[in-house]
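The structure appears below as structure tokens.
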Amino acid sequence: MFLKTKIAIKIPATTWESVQEWGDYYIALGLKKEFEKKNCEVILQILPEWDNDDDDCDVIIVLRGLSKYKPKKQHFNIMWNISHPNEISIKEYNQYDYIFIASEFWAEEIGRQAHVPVETLLQCTDPKLFYPDPDNDYKHDLIFVGNSRKVFRKIIKDILPTNEDLAVYGANWEELIPKKYIKAEHISNNELRKAYSSCKILLNDHWDDMREKGFLSNRIFDGFAAGAFIISDNVWGAGDIFGDTLITYDYPDELNSLIENYLNNKEERIKEIENVRNIVIKNHTFQKRVERILDVISNEIEFKSNSSSMKHRIISKFPSIYILFNSNSNGIKNALTTIKGYNTIKKNNLFDYGYYLTNNPDVRLLGMDPLIHYLCYGFKEGRKPDPNFDGNYYLQSYDDVINSNLNPLVHYCLYGMKEDRKTQKITVSIIMPTYNRKNIIEKAVNSVINQTYSEYELIIVDDGSTDGTEDLIKKKYRNYLKYGKIKYFKQKNGGVSKARNKGLSEAKGNVIAYLDSDNYWFETYLEKMVSALFNNNVNTAYSAEEVNDDYRNNKYVRETRYDRTLILRGNFIDINIFVHKKFLYDKLGGFNESLNRLVDWDLILRYTKLNEPFFVDEVLAKYFISIELNNISINADLEENRLKVQKLHSVELIEKGILSSEVFQLSLIDSQKNLSNSNEKI
-5 MFLKTKIAIK IPATTWESVQ EWGDYYIALG LKKEFEKKNC EVILQILPEW
45 DNDDDDCDVI IVLRGLSKYK PKKQHFNIMW NISHPNEISI KEYNQYDYIF
95 IASEFWAEEI GRQAHVPVET LLQCTDPKLF YPDPDNDYKH DLIFVGNSRK
145 VFRKIIKDIL PTNEDLAVYG ANWEELIPKK YIKAEHISNN ELRKAYSSCK
195 ILLNDHWDDM REKGFLSNRI FDGFAAGAFI ISDNVWGAGD IFGDTLITYD
245 YPDELNSLIE NYLNNKEERI KEIENVRNIV IKNHTFQKRV ERILDVISNE
295 IEFKSNSSSM KHRIISKFPS IYILFNSNSN GIKNALTTIK GYNTIKKNNL
345 FDYGYYLTNN PDVRLLGMDP LIHYLCYGFK EGRKPDPNFD GNYYLQSYDD
395 VINSNLNPLV HYCLYGMKED RKTQKITVSI IMPTYNRKNI IEKAVNSVIN
445 QTYSEYELII VDDGSTDGTE DLIKKKYRNY LKYGKIKYFK QKNGGVSKAR
495 NKGLSEAKGN VIAYLDSDNY WFETYLEKMV SALFNNNVNT AYSAEEVNDD
545 YRNNKYVRET RYDRTLILRG NFIDINIFVH KKFLYDKLGG FNESLNRLVD
595 WDLILRYTKL NEPFFVDEVL AKYFISIELN NISINADLEE NRLKVQKLHS
645 VELIEKGILS SEVFQLSLID SQKNLSNSNE KI
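The opening residue of the sequence shown carries number -5 in the numbering used here; numbering runs sequentially from there.
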């Protein structure tokens, strides 16, 4: 039986009179109910009470949204970061004993930087409160529930004006939208299930920082539990949790098309609802969340009862003394070098505390400084200090490291980093789409084979060639195919984006590069690009390239340094000289198949938004444009696709003042008129 524990849950509501207007309050109630079932005593505290009346509590759980709390050392302090990640610094995260984050993507990002354990804990629902319960009072085609906070919520802005039966429930909408859409300022929590399960479509959106960092709204979980059909703005991680059952959109036209389609297709709505409700009830309830939190708390109790915990806490206070006396037979000189390395590793953030603690929970129980543990024990036990550092690979790659008797991470931070030494085996997956390029593809393939960096796989995706490309590849490169250096896939003609996405789905490497079959790389391209990625702690990189434009009889070097505002105005990074870590594809998806031009621009905007790319100021590739090559960049309509990309990134474009919302809306109207005129002529 779990030991009786007293827990204080801190919610950011400012008064008890207004507490029911705060979503955090209902999360706290759901947690309280489940904790009490487990023999825990629970108190709820609003913001003015945060620093009072908690001395007798064992555990503090802060529902971190807009308000900051200063943890007290006598408690086991847990932060559950459920919203507003832009408001929280690494320093604040590190003040807690344990961090839960309601986003897989952001948990991974913070876990790489924080010195305390970090893990994903998504928001959830209470199936005893949210279940199908239709009520005629809420029978509308479309319902949105949420306060405006006196700003235009994304999905409402994207849908209006509309002739559909739209009902908006929430405060502060009067000055923003026509009164006919506003039904009430508030729906009680006990009534929400009726609203969710009575409408044909429940609309959902996220604040910008939540959407960008993958924080799924609790409305999604509640709505699905109540049997709602939901259309939401596109948020990172939604596909991993709900698959295709959460319908998402990127731009207003797409939203309105989806609404029109699903309002007229009851069978499809019912099918999606049945699929997703089971997922939520099985995996995303307060019961499940409390069970996980109690696992963490029980480990803390075990830790405190561990007789060695005090010893390890003292060790963590005086790391240099411990390293000095734990030098064993390696000598004083080695110990002093290790102390120097310890300080350099901390200064340069070369040790991933969150990663180490998350993957080694026994270290958390010891109470020892994780870096000290790795230096003295962890490496010998086969543990990794960072997902990008493989100590055994580093040791086996360099004889002088073995002879030094130093921990590999110490050697790397003091010597190897300056010498650009490799810290892990990095495999590059090269995506090469092709269509009827038999006469020129060999030059591209050979430029890959001749690379000085040999840890690669070349994935050729033949998009339905009819000119004998398949025979050429299978005969000319049969040995490379046999041993897996080249992989060849042929599919029905569907365009370059489908072909590249097929390649991405087959990729096994931890780095992705792209080379079209009419271009080629210089032999040091991969070597220098991999080095750029991992020596500069970035997720993306690109180089300069020589452009040969036979169409305009022009040759020049493209070498523009990265500027976010500039690239939002127009792309200057060619996909053929762009590389990225594979996790970006896993998190953000691949190429937008609705575009037949500027697909590179859209992908690069998404992949570089939160982490600036490194620019390698050296010409490492040649890019060719000619009529004979039938480049898609010449043949596809430019303005139509440019407008599509601007729709996808309209929020950022408007925020940075590159486009005004009025001009953008006018351009959308003009585009629709041109499309209608074109259809009439056809």
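Positions of the beta carbon are idealized from the N, C-alpha and C atoms, including for glycine.
Since we're looking at a predicted model, the values are computed, not measured.
Over the uninterrupted beta strand (DSSP E) stretch that includes residue i, give me the two end residues.
| i | result |
| --- | --- |
| P427 | V422 to T428 |
| Y617 | F608 to I619 |
| S226 | I224 to D227 |
| Y243 | I241 to Y243 |
| I3 | K0 to K4 |
Per DSSP, residue i forms a beta bridge with which residues?
| i | result |
| --- | --- |
| Y383 | Reading off the sequence, residue 383 comes out as Phe, not Tyr. Answer is D380, bridged to F383. |
| N542 | K549 and F618 |
| I95 | N75 and T114 |
| K148 | In DSSP, K148 forms no bridge with anything. |
| V139 | Y163 |
| L452 | I424 and I480 |
| T119 | T279 |
What distance in whole Å lies between the Cβ atoms of residue j and residue i, which are believed to be in contact at a cut-off of 8 Å?
| i | j | result |
| --- | --- | --- |
| R636 | L597 | The Cβ separation is near 15 Å, so there is no contact. |
| F483 | D456 | 7 Å |
| Y387 | K419 | 6 Å |
| I93 | P65 | That pair is no contact at about 11 Å. |
| G687 | L408 | Given a span of -5 to 676 for the chain in the structure shown, any question on residue 687 remains unanswerable. |
| F345 | D380 | 7 Å |
| T540 | T446 | A quick correction: the sequence has Glu, not Thr, at residue 540. The Cβ separation is near 19 Å, so there is no contact. |
| F528 | T602 | Their Cβ separation, rounded to whole angstroms, is 17 Å, which puts F528 and T602 out of contact at 8 Å. |
| C51 | H69 | 6 Å |
| I652 | T559 | 7 Å |
| A219 | F146 | Rounded, the Cβ-Cβ distance is 28 Å, inconsistent with contact. |
| T554 | P607 | Between P607 and T554 the Cβ distance is about 12 Å, and since that is not below 8 Å, they are no contact. |
| I480 | I454 | 7 Å |
| E113 | T279 | E113 to T279, Cβ: 18 Å. No contact. |
| S537 | I561 | Contact flag wrong, Cβ pair sits at about 16 Å. |
Starting from residue i, follow the alpha helix (DSSP H) in both directions and report where the run begins and ends.
| i | result |
| --- | --- |
| A178 | Where A178 is concerned, there is no enclosing alpha helix (DSSP H), although the beta strand (DSSP E) it sits in stretches over I176 to A178. |
| K260 | K260 to N277 |
| K638 | L632 to L642 |
| A438 | I435 to I443 |
| H405 | P402 to H405 |
| K650 | Unbroken run through K650: none, as it is neither H nor E. |
| K171 | Checking the sequence shown, residue 171 turns out to be Ile, not Lys. Looking at the DSSP string, I171 is not in any alpha helix (DSSP H), and its letter there is neither H nor E. |
| N353 | Y347 to N353 |
| N328 | G325 to K341 |
| S398 | D393 to S398 |
| G233 | A232 to F236 |
| E11 | Element bounds for E11: n/a, residue is neither H nor E. |
| P246 | P246 to L257 |
| Y316 | P313 to F319 |
| R563 | R558 to R563 |
| L344 | Note, L344: premise wrong, no alpha helix (DSSP H); not H, not E. |
| H367 | P364 to H367 |
Within 8 Å of any Cβ in chain C, is that where the Cβ of residue i sits?
| i | result |
| --- | --- |
| Q89 | As a matter of chain content, chain C is missing from the structure shown, which is built from one protein chain. |
Just checking residue i against the ligand ADP - is the residue's beta carbon closer than 7 Å to any of the ligand's heavy atoms?
| i | result |
| --- | --- |
| V395 | The ligand ADP is not part of this structure, which contains no ligands at all. |
**Q.** Validate contact between the segment 208 to 216 and the segment 145 to 160 using beta carbons, cut 8 Å, 3 pairs
**A.** The segment 208 to 216 is not in contact with the segment 145 to 160.
Q | Cβ contact check for the segment 504 to 511 and the segment 570 to 581: 3 or more pairs under 8 Å | A | With a cut-off of 8 Å, the segment 570 to 581 and the segment 504 to 511 count as touching, because enough Cβ pairs lie within range.
(Q) Suppose only complete runs of 4+ residues qualify. What are the alpha helix (DSSP H) ranges in the segment 456 to 536, listed by chain order? (A) As far as the segment 456 to 536 is concerned, its whole alpha helix (DSSP H) runs of at least 4 residues are 463 to 470, 472 to 476, 490 to 500 and 519 to 529.
Q. Would you call the segment 176 to 187 and the segment 93 to 112 touching, i.e. three or more CB-CB distances under 8 Å?
A. No, the segment 176 to 187 is not in contact with the segment 93 to 112.
Q | beta strand (DSSP E) runs wholly inside the segment 567 to 611, at least 3 long, in chain order | A | Within the segment 567 to 611, the complete beta strand (DSSP E) runs of at least 3 residues are 572 to 575.
Q: Kindly provide the ranges of any beta strand (DSSP E) runs that are 3 or more residues long and lie completely inside the segment 32 to 89, ordered along the chain.
A: Counting only runs of at least 3 residues, the segment 32 to 89 fully encloses the following beta strand (DSSP E) elements, listed from N- to C-terminal order: 35 to 39, 53 to 58 and 70 to 75.
(Q) Three Cβ pairs or more, each shorter than 8 Å: is that satisfied between the segment 443 to 459 and the segment 419 to 428? (A) Yes, they touch.
Q. What beta strand (DSSP E) runs, 3 residues minimum, are completely inside the segment 173 to 222?
A. Listed in chain order, the complete beta strand (DSSP E) runs (minimum 3 residues) inside the segment 173 to 222 are 176 to 178 and 195 to 198.
(Q) Taking 8 Å as the cut-off, does the segment 69 to 88 touch the segment 324 to 341 (at least 3 CB pairs, one atom from each stretch)? (A) They do not touch, by the three-pair rule.
Q: Determine, using beta-carbon pairs with one atom in the segment 222 to 241 and one in the segment 28 to 45, whether at least three such pairs fall under 8 Å.
A: Touching, no.
(Q) Assess contact between the segment 42 to 59 and the segment 4 to 15, defined as three or more Cβ pairs (one per stretch) separated by less than 8 Å. Is contact present? (A) The segment 42 to 59, when compared against the segment 4 to 15, does touch it at the 8 Å Cβ threshold.
Q | the segment 261 to 273 / the segment 230 to 244 touching (three or more Cβ pairs under 8 Å) | A | Taking 8 Å as the limit for Cβ pairs, the verdict is that the segment 230 to 244 does touch the segment 261 to 273.
Q) Any chance the segment 461 to 471 sits against the segment 542 to 549, with 3 or more Cβ pairs inside 8 Å? A) No, they do not touch.
Q) Does the pairing of the segment 247 to 260 with the segment 117 to 126 give three or more beta-carbon distances under 8 Å? A) No, they do not touch.
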